[in-house]
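To start, the structure under review is shown below, and the notes come after it.
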Amino acid sequence: MLNALVLGFVVIVLVGILHGVINVFCHAKEITVMIKQWFENSLQIFKNVSLQKIIVAIKQRFIIFTNFFSNFQLYEIITKVKQWVIDFPKTFKNFFIWFSKNPQMRSFGRALGIDLVIGIIMAMIFLLWLHNYPFLADPEDASMDFVMQRNQCDPDTKKCSFSKNENIPPITLLDIDDKTYVKWERPPITPRNHIKELIDSAVNYGAKVIVVDIFMTHRQSIIPKQREQHRYLANFLTQETLEGLYNPAQSHPDDQELYEYLAKYASTYCSNGKKCPIIILIPDLIQQKGQTAGNESIFDIHKQPVFQVQKSFLDEAVEKSSPYIQWASPKFLISPFDNTVRRLWLWHPVCNDQKPQVIPSVHLLVSAIVSNKSEDVGGSLKNVERELHNFVEKDCNPYYKPPSLQKPISSLKVGKGEIAGGGIRQRIVFTMPWPSKQEKDAKKGIDNQKFAFSTQRNESILRVFSVFGYLEQVKSSRKNLLGGRIRDSIVIIGGSHTDAQDIHRTPLGEMPGEFVIANAIYSFLSYGEIRGTSVLEILGFKILLIVLFVAMATFINNMFVSKLPSVLRYWRIVIIILVTAIEWFALQMWFSTELLKEGVWFDFSIPLVAILFHHIASQFQGHDDERCWPEKSVFIERGGECEN
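Residue numbers (our numbering): 78 to 721.
Written as structure tokens, this is what we have:
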């Protein structure tokens, strides 16, 4: 570990000299003007809004610092620091002479040089070629999780520190919770008449999009005497098995009610220029034969399985009301190393009647609808279908490898390049945690709202209603109170009740699938795909940080370390290294936290992994010398060389 710390200090000193630290302290006023001008030029060079905002923030903090600097007139401190910097070449020369004459330090220097070369080579290999492999992606995922936890909305006050994009509509979640499920007498399949009531209320209140996060494959037409028997098995029975439980004489009235409502939806609510919300349903997708779950090796990149679409009794109804009713995939990508949901595929290749197709994800489809500025929503949906048609495979293979995009799909907020699920681009930026049971059971307001998230300016981000109380209010004289809450919002209908078995582990703790979808929709509408920093950008940030650290190290040495007794004077290296390491981590964390608020990820985990691997390599390099280290006195007496 000491080797790594000394290595970091040597690199900091060398690069700091190259970047003119001496001139910074010798010509403070000129450098201040130059840096201010550099910030002005940077605003013109960086066209990206995210980087521009960061540069503006840094500029503002620099101006505050310079004002503080001038107000307190730290001329004496500047003079001392300037004198130390002027004497630095002589000090460094004396240190180098002492270093070269000491046999132990000379041997250590040779090992340090090898470690330096290994560290640089491995860092470049990690950044350029191995970045998406699990043994590197997993630490990066963990570091991004840590930053998300710092950026999340306050679980107690439900306030979010980030600003809300004006073009993002609020999200309304109609939750079939345990209370609702018990009131409905715990049915094995969610009653279709209640689903119809929820959809119809959202349509009448003027919702923008309606997402139904409930599988619609199986009918409700189970013979009454067998309902109790199959209550907990309905989610695991195949379509063929359920066929034997259907009442052949007639369809269940609830099934028929929902079917007729959806079949007539386009003609009733969307014809003659009427503006109606798009309804998104989720199909039941099952694995094909020959598919295996999870990765088999740490060198496997995530593969996308091609699922088989199960037939639904609503297929014909959806087709009649197309394009105003759509199918979309809610499938999550679970990290194998800790079973945590972190990603959602942009689209899913599926096999339908042995024919390959592509189904868009829920968040991609919602984004296409919400981002459409024209009134032609049907045209926007056709554009999605046209773009995704380019990714339809020729055959129904068990797995699908997403191709690299040669150009961005601006209408879908998808950038060019690799779209494999193992990368950072498909990550969900989780911002809203699911409350604890005590909070969910708290007394509700007059409109049966369970909880809500908003910005510091009280801009609504998400509201959650209990379905049982919500439906009671829809039928009561207070139904108009809900109109303002639902109008122009993204409505998600789902279930968090225990029997749904739809609880997932996320970076912000456990939450139901409906809430994962809500976070994914808000993430994609806010940022689109997460943009990772390039190698050049990372190096640029590192150089900037190194210059700052060298300046800080010089200041600390001159003001504090130089006053130590002569016996402890050589401890200055240890003190400077410790302070530098702490500030390196703190500043990189600040960069990562601020950039992620703008949808840009700056990874600070790869340097740590590079240190780990180069230490492993150095252990192999020093394996032949291991027998010398137990007897350090012998090692020093023999000039730092091992005898064979």
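Every residue, glycine too, gets a C-beta built ideally from N, C-alpha and C.
Because the structure is a prediction, the values reported are computed rather than measured.
Taking the alpha-carbon positions, what's the R540 to A529 distance?
4 Å
What span of residues does the beta strand (DSSP E) with K256 cover, start to end?
No beta strand (DSSP E) holds K256; the alpha helix (DSSP H) holding it covers 255 to 260.
Please classify G371: is it buried, with 16 or more other beta-carbons within 10 angstroms of its beta-carbon, or exposed?
Only weak support exists for where G371 lies, its pLDDT of 46 falling under 50; the value from the coordinates is given anyway. By the 10 Å Cβ count, G371 comes out exposed.
Measuring only the C-alpha atoms, how far is D222 from W678?
Approximately 11 Å between the Cα atoms of the pair.
How many whole angstroms separate the CB atoms of Y476 and E470, which I take to be in contact at a CB cut-off of 8 Å?
Not a contact, Cβ separation roughly 10 Å.
Please report the Cβ distance between V593 and V439, rounded to the nearest whole angstrom; I am assuming they are in contact, meaning their Cβ atoms lie under 8 Å.
Not quite, the Cβ-Cβ distance comes to about 10 Å (not below 8 Å), so this is no contact.
Closest to P413 by CA distance: which of T583, K178, E671 is it?
T583
Residues bridged to Y477 by DSSP?
Q381
Pick helix, strand or coil for M666, following the three-state DSSP scheme.
helix
By DSSP, does K410 sit in helix, in strand, or in coil?
A small correction: the amino acid at residue 410 is Leu; Lys does not occupy that position in the sequence shown. In this structure, L410 counts as strand in the three-state DSSP scheme.
Compute the beta-carbon to beta-carbon distance between L251 and Y547, rounded to the nearest angstrom, for a pair I have assumed lies under 8 Å.
6 Å
Is it right to say L613 is buried, meaning 16 or more other beta carbons lie within 10 angstroms of its own, or is it exposed?
exposed
Closest to R504 by C-alpha separation, out of G609, M666, L275, would be which residue?
G609
Whole-angstrom Cβ separation of V280 and Y346, contact assumed at under 8 Å?
6 Å
What first and last residue would you give for the beta strand (DSSP E) that runs through E587?
The continuous beta strand (DSSP E) containing E587 extends over residues 586 to 589.
To the nearest angstrom, report how far apart N467 and E591 are at their CA atoms.
29 Å
Start and end of the alpha helix (DSSP H) containing K459?
454 to 466
Mind the definition here: the stretch 397 to 411 touches the stretch 419 to 430 only if three or more C-beta pairs lie below 8 Å; say whether that holds.
yes
Near M509, what residues of its chain come up, given a Cβ to Cβ distance below 8 Å and the 5 sequence neighbours on each side ignored?
Short of 8 Å from the beta carbon of M509, and not among the five residues preceding or following it, lie these beta carbons of its own chain, in chain order: Q229, C230, C237, F530, I538, L539, L585, F592, A595, N596, Y599.
If we ignore side chains and look at the alpha-carbon of each, how far apart do N449 and K285 end up?
12 Å
Within 10 angstroms of its Cβ, does E718 collect 16 or more other Cβ (buried), or is it exposed?
Any answer about E718 is weak, because its pLDDT of 44 lies below 50 and its placement is not dependable; what the coordinates show is given next. Classification for E718: exposed.
Out of Q526, H295, L673, point me to the one whose CA is closest to D332's CA.
H295
If you check the beta carbons only, do T267 and I245 fall under 8 Å apart?
Between T267 and I245, the gap from beta carbon to beta carbon reaches 8 Å or more.
When you compare only the Cα positions, how much space is there between W667 and T532?
21 Å
Report, in whole angstroms, the separation of the C-beta atoms of I27 and I287, which I expect to be a contact under 8 Å.
With the chain running from 78 to 721 in the structure shown, residue 27 is simply not present.
Once the 5 residues before and after V126 are set aside, which same chain residues still bring their CB inside 8 Å of it?
Note that V126 has pLDDT 48, beneath the 50 cutoff, so the model's placement of it is unreliable and no number is given.
So, are the CB atoms of M293 and F507 less than 8 Å apart?
no
Give the secondary structure of D565 by DSSP, where H, G and I count as helix, E and B as strand, and everything else as coil.
For D565, the secondary structure class from DSSP, reduced to helix, strand or coil, is coil.
According to DSSP, what are the bridge partners of H329?
Paired residue(s): none; H329 is not in a bridge.
Just verifying my parser: in three-state terms, what is the DSSP assignment at F542?
strand
Which of the three DSSP states is assigned to Q403 in this structure?
strand
By DSSP, does P166 sit in helix, in strand, or in coil?
helix
Is H425 helix, strand or coil when you go by DSSP?
strand
Using the Cα positions of V25 and L602, report the straight-line distance between them to the nearest angstrom.
Outside the shown range of the chain, which is 78 to 721, sits residue 25, and nothing can be said about it.
Nearest CA to the CA of P433: which residue from C353, W511, D472?
D472
By DSSP's criteria, V418 is part of a beta bridge. Which residues make up the other side?
I411.
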